[in-house]
Amino acid sequence: MDVTMRVWRGDETGGEFRDYTLPAHEGEVVLDVIHRLQATQAPDLACRWNCKAGKCGSCSAEINGKPRLMCMTRMDHLPEGPVTVAPMRTFPIIRDLVTDVSFNFEMAKLVPPFAPPPPGPGGYRMQQIDIQRGQEFRKCIECFMCQDVCHVIRDHEENKQYYAGPRLFIRYAELEMHPLDTNDRRELVRQKMGLGMCNITKCCTEVCPEQIKITDNAIIPLKERAVDAAYDPIAWLGRKILRRHKRSPAEAQAVGR
Amino acid sequence: MTTVENAVATPVRIGGVRGGPDAPTLRTDRWWVGPAITVTVLVAFVAYTTWAIFVNRDYYVGAAAHRDLISPFYSPCIMASCVAGAKGTFFVINWWHITPALIVLAGPLPFRLTCYYYRRAYYRSFWLSPPACAVADAHRRYSGETRFPLILQNAHRYFFYLAAIFNVILTIDAVVAFRLPGQGGIGVSVGTIVLVVNAASLWLYSLSCHAARHLCGGQLRSFSKSRVRYRLWRLLSPLNARHMQIAWFSLIVVALADLYVRLVASGAFHDPKLF
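Protein sequences, first through last, are from chains A and B. Quick note on this note's numbering: the first sequence kicks off at -6 and runs consecutively. Quick note on this note's numbering: the second sequence kicks off at 80 and runs consecutively.
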């Protein structure tokens, strides 16, 4: 069976969609057909890929307008007609389907690291129930499709300076939920990392190939923690009366844990 | 360590040339169906509710019909203008002369307006920001929920507390609906079941709320140090995963409960006794 692939060809000087008609076999995914296209008609087509198993997060693209992994999108699940394959819209183009995703790594550098207190006798001890929430976020394969689909930076380039994005929000959430962590990132994520910019339209959750509940389990809990820290007068009063606050590493060290 | 004080603007390349065409979307599926359904249902609900609130009649079925049913929009009826039987005796406001239902919506309405699910629904469907995933935002500028008035969305947990008070009152209404004055005293009618389902759905909606999930235990860093709150969190988390479905269900049920009481009160039909 022949299919028509409408693939974006171009670089930062400009580009256009080009149609290629080529065979597709039963059970193939979009990446298989893109590879056949490279082998037969367009040897200069640039495309990033690695594992072909949905685990490396390299082959992110916009297939028929939706961010998806090319290696996990079956051809027979797409509707009849030409299949549009475009690069991720949010990031600067390098060539064809390859984009410059360094924005995400620059944002990752700004995440305050995990800061545990010094280990007590016998080392660190944690129970499974204390760390299982964060384990969901460790499934992230850094395909950056959540960043790509997030309209805060997809449609508003100027927000990139002040917005960490869903991928980094799950990193912040994971650290904030860690039982041993002593860093308090709530004000940072609220004031400088654009947590308030997110209007929880859940597109990041919709496109996540690892089915991480980014909005429900990371962003909204982060927003609620930001409310605890900045907007809730009763929580503030409770902290003052009970003298509860997140310890700094120095304070934790002073008491031995 | 990066703190609020020393965080600097990210050194990323702003304004780099993007790939793909300058089109609002490349999606070819019917992405507009979801927002269209949301707009239709919410507009219908708001229109019906507005009418039901301001019509100010047919909201109570009393002893004359051997029932004790009150519309959820008019409960608690604490104004002097409330009809006899519906009115509470413990606390009565004498200076309020317009429809008694208006003050009732001071609690549940902002709870729904600031709800994380409804925010998603109306930001997408009404504000088109964005209308669907990978479809362009309809606005040139965007500041999210960082400025007035949308920064008030952060008060959601306080509206949760307020809505919980209303839930208690509506639960009492549902219990009172088992009274069938003049027909043996206690029994079950269709109206009883309607009010019980209404109260249950409102409790489900409140308990599945993200703020409830956070307050009951989600805010903890260490679950093992607070087992009771962990169990509560475990209990509410599956409900929270279905918050959207529960939100729609409870919205429709509360409107239907009002409609049922209204039809019985207006004499359109008699509330059938089941047993």
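By construction, the Cβ of each residue, glycine as well, lies at the ideal position given by its N, Cα and C atoms.
Contact list for the segment 160 to 181 of chain A against chain B, Cβ threshold 8 Å: The residues in question are Glu169, Met170, His171, Pro172, Asp174, Asn176, Glu180 and Leu181.
Report yes or no: is there a C-beta of chain B within less than 9 Å of the C-beta of Gly189 of chain A? As a first step, residue 189 of chain A must be located in the first sequence, where it is residue number 196. The C-beta of Gly189 of chain A comes closer than 9 Å to at least one C-beta of chain B.
Sequence-distant residues of its chain with Cβ nearer than 8 Å to Phe348 of chain B (five each side left out): On the second sequence, position 269 is the one that residue 348 of chain B refers to. A distance below 8 Å between beta-carbons, with the five flanking residues on each side excluded, links Phe348 of chain B to the following residues of its chain, in chain order: Leu342.
Starting from the Cα of Phe227 of chain B, find the closest Cα among A:Met190, A:Glu135 and A:Leu62 and give me that residue. In the second sequence, counting from the first residue as 1, residue 227 of chain B sits at position 148. Taking only the C-alpha atoms, the option nearest Phe227 of chain B is A:Met190.
Going along chain B in order, which residues have a C-beta closer than 7 Å to the C-beta of Thr92 of chain A? Here residue 92 of chain A refers to the residue found at position 99 of the first sequence. In chain order: Gly98.
Contact check, Thr83 of chain A vs Val23 of chain A, beta carbons under 9 Å: Locating residue 83 of chain A in the first sequence gives position 90, where the first residue counts as 1. Locating residue 23 of chain A in the first sequence gives position 30, where the first residue counts as 1. Note that the C-beta distance between Thr83 of chain A and Val23 of chain A is not below 9 Å.
Verify whether the separation of the beta carbon atoms of Ser287 of chain B and Thr194 of chain A is less than 9 Å. Numbered from its first residue, the second sequence carries residue 287 of chain B at position 208. Numbered from its first residue, the first sequence carries residue 194 of chain A at position 201. Contact: no.
Hey, how far is the Cα of Ala17 of chain A from the Cα of Ile207 of chain A? For the purposes of this step, residue 17 of chain A is identified with residue 24 of the first sequence, where counting begins at 1. For the purposes of this step, residue 207 of chain A is identified with residue 214 of the first sequence, where counting begins at 1. Going by the C-alpha atoms only, they are around 34 Å apart.
For Ala108 of chain A, tell me which candidate among A:Ala39, A:Asp174, A:Gly20 and A:Met186 has the shortest Cα-Cα distance. As a working note, residue 108 of chain A is residue 115 in the first sequence. Nearest to Ala108 of chain A by C-alpha distance, out of A:Ala39, A:Asp174, A:Gly20 and A:Met186, is A:Asp174.
Report the three-state DSSP secondary structure of Tyr156 of chain A (helix, strand or coil). Taking the first residue of the first sequence as 1, we reach residue 156 of chain A at position 163. Reduced to three states, the DSSP call for Tyr156 of chain A is coil.
Give me the subset of the segment 72 to 84 of chain A whose CB atoms are less than 8 Å from a CB atom of chain B, sorted by chain position. Within the segment 72 to 84 of chain A, the residues whose Cβ lies closer than 8 Å to some Cβ of chain B are Pro72, Gly74, Thr77, Ala79, Pro80, Met81, Arg82, Thr83 and Phe84, listed in chain order.
Can you tell which of B:Gly263, B:Phe238 and B:Thr193 has its C-alpha closest to the C-alpha of Ile230 of chain B? To locate residue 230 of chain B, count along the second sequence from 1; it is residue 151. Out of B:Gly263, B:Phe238 and B:Thr193, the CA that lies nearest to the CA of Ile230 of chain B is found in B:Thr193.
Report yes or no: do three or more beta-carbon pairs, one from the segment 163 to 174 of chain A and one from the segment 199 to 217 of chain A, lie closer than 8 Å? The segment 163 to 174 of chain A is in contact with the segment 199 to 217 of chain A.
Listing by chain order, which chain A residues have their CB less than 8 Å from the CB of Arg198 of chain B? For the purposes of this step, residue 198 of chain B is identified with residue 119 of the second sequence, where counting begins at 1. Result: Asn192 and Ile193.
Nearest by alpha-carbon distance to Gly98 of chain B: which of A:Arg126, A:Gly8 and A:Asp12 is it? Translated into the one-based positions of the second sequence, residue 98 of chain B becomes position 19. Closest by alpha carbon: A:Gly8.
Partner residues on chain A for Gly297 of chain B, Cβ-Cβ distance less than 8 Å: As a position in the second sequence, residue 297 of chain B is number 218, starting the count at 1. Neighbours of Gly297 of chain B in chain A, taken as residues whose beta carbon is under 8 Å from its own, are Pro214 and Glu217 in chain order.
Proximal residues of chain B, C-beta to C-beta of Gly3 of chain A below 8 Å: For this step, residue 3 of chain A is matched to residue 10 along the first sequence. Per Cβ cutoff of 8 Å: Gly98.
So that I know if they touch, is there some Cβ in chain A lying closer than 9 Å to that of Gly186 of chain B? Locating residue 186 of chain B in the second sequence gives position 107, counting from the first residue. Closer than 9 Å: no.
Whole-angstrom distance between Ala278 of chain B and Phe328 of chain B, CA atom to CA atom: By one-based count along the second sequence, residue 328 of chain B stands at place 249. By one-based count along the second sequence, residue 278 of chain B stands at place 199. Straight-line spacing of the CA atoms in Phe328 of chain B and Ala278 of chain B works out to 12 Å.
At a CB distance below 9 Å, what residues from the segment 5 to 26 of chain A approach chain B? Give them in sequence order. Taking 9 Å as the Cβ-Cβ cut-off against chain B, the residues of the segment 5 to 26 of chain A that qualify are Glu5, Thr6, Gly7, Gly8, Glu9 and Phe10.
Would you report the Cα separation of Thr129 of chain B and Thr104 of chain B, rounded to the nearest angstrom? Indexing the second sequence from 1 puts residue 129 of chain B at position 50. Indexing the second sequence from 1 puts residue 104 of chain B at position 25. Going from the Cα of Thr129 of chain B to the Cα of Thr104 of chain B covers about 36 Å.
Whose C-beta lies closer than 8 Å to the C-beta of Ala163 of chain B among residues of the same chain, with five residues either side of it excluded? Counting from 1 along the second sequence, the entry for residue 163 of chain B is found at position 84. Cβ within range, chain order: Gly141.
Report, in whole angstroms, the separation of the C-beta atoms of Ser325 of chain B and Leu283 of chain B, which I expect to be a contact under 8 Å. Here the question's residue 325 of chain B lines up with position 246 in the second sequence. Here the question's residue 283 of chain B lines up with position 204 in the second sequence. For the sequence presented, residue 325 of chain B should be read as Ile rather than Ser. Confirmed, Cβ separation roughly 5 Å.
What's the gap between the Cα of Ala35 of chain A and the Cα of Thr119 of chain B? Counted from its first residue, the first sequence places residue 35 of chain A at position 42. Counted from its first residue, the second sequence places residue 119 of chain B at position 40. Distance between the alpha carbons of Ala35 of chain A and Thr119 of chain B is about 47 Å.
Straight-line gap, Arg29 of chain A to Tyr221 of chain B (C-alpha atoms, nearest Å): Counted from its first residue, the first sequence places residue 29 of chain A at position 36. Counted from its first residue, the second sequence places residue 221 of chain B at position 142. Roughly 42 Å separates the two Cα atoms.
Glu55 of chain A: contacting residues in chain B (beta-carbon distance under 8 Å): By one-based count along the first sequence, residue 55 of chain A stands at place 62. Gly99, Leu105 and Ala213, listed in chain order.
Can Arg106 of chain B and Gly74 of chain A be called in contact, C-beta distance under 9 Å? Residue 106 of chain B sits at position 27 when you count from the first residue of the second sequence. Residue 74 of chain A sits at position 81 when you count from the first residue of the first sequence. Going by C-beta atoms, Arg106 of chain B is not nearer than 9 Å to Gly74 of chain A.
Starting from Gly329 of chain B, follow the alpha helix (DSSP H) in both directions and report where the run begins and ends. Residue numbering aside, residue 329 of chain B sits at position 250 when the second sequence is read from its first letter. It should be noted that the sequence gives Ser, not Gly, for residue 329 of chain B. Counting along the chain, the alpha helix (DSSP H) containing Ser329 of chain B begins and ends at His322 to Ala344.
According to the neighbour-count rule (16 or more other Cβ atoms, all chains shown, within 10 Å of its Cβ), is Ala102 of chain B buried or exposed? Against the second sequence, residue 102 of chain B aligns to sequence position 23. Exposed is the call here.
Once DSSP output is grouped into helix, strand and coil, what is the label at Ser222 of chain B? In the second sequence, residue 222 of chain B corresponds to position 143, counting from 1. Looking at Ser222 of chain B - three-state DSSP - the assignment turns out to be coil, as it is neither helix nor strand.
Just the Cα atoms here: how many angstroms apart are Asn97 of chain A and Arg160 of chain A? Stepping through the first sequence from its first residue, residue 97 of chain A is reached at position 104. Stepping through the first sequence from its first residue, residue 160 of chain A is reached at position 167. Answer to the nearest angstrom: the Cα atoms are 8 Å apart.
Hey, Ser305 of chain B and Leu299 of chain B are a contact pair by Cβ (cut 8 Å); roughly how many whole angstroms apart? Numbered from its first residue, the second sequence carries residue 305 of chain B at position 226. Numbered from its first residue, the second sequence carries residue 299 of chain B at position 220. The beta-carbon separation of Ser305 of chain B and Leu299 of chain B, rounded to 6 Å, stays under the 8 Å limit for a contact.
For Asn152 of chain A, which residues in chain B fall below 8 Å Cβ to Cβ? In the first sequence, counting from the first residue as 1, residue 152 of chain A sits at position 159. Listed by position along chain B, the residues whose Cβ is nearer than 8 Å to that of Asn152 of chain A are Tyr221.
On the premise that Val94 of chain A lies in contact with Phe162 of chain A, defined as a C-beta separation below 8 Å, what is that separation, rounded to the nearest angstrom? Along the first sequence, one-based indexing puts residue 162 of chain A at 169. Along the first sequence, one-based indexing puts residue 94 of chain A at 101. Contact doesn't hold; Cβ gap of about 17 Å is too wide.
Do we get a CB-CB distance below 9 Å when we pair Val248 of chain A with the residues of chain B? As a working note, residue 248 of chain A is residue 255 in the first sequence. The pLDDT assigned to Val248 of chain A is 42, lower than 50, so where the model puts this residue is not dependable, and the model offers no usable value.
By the three-class DSSP mapping on this structure, what secondary structure does Lys304 of chain B have? Residue numbering aside, residue 304 of chain B sits at position 225 when the second sequence is read from its first letter. Three-state DSSP puts Lys304 of chain B in a helix.
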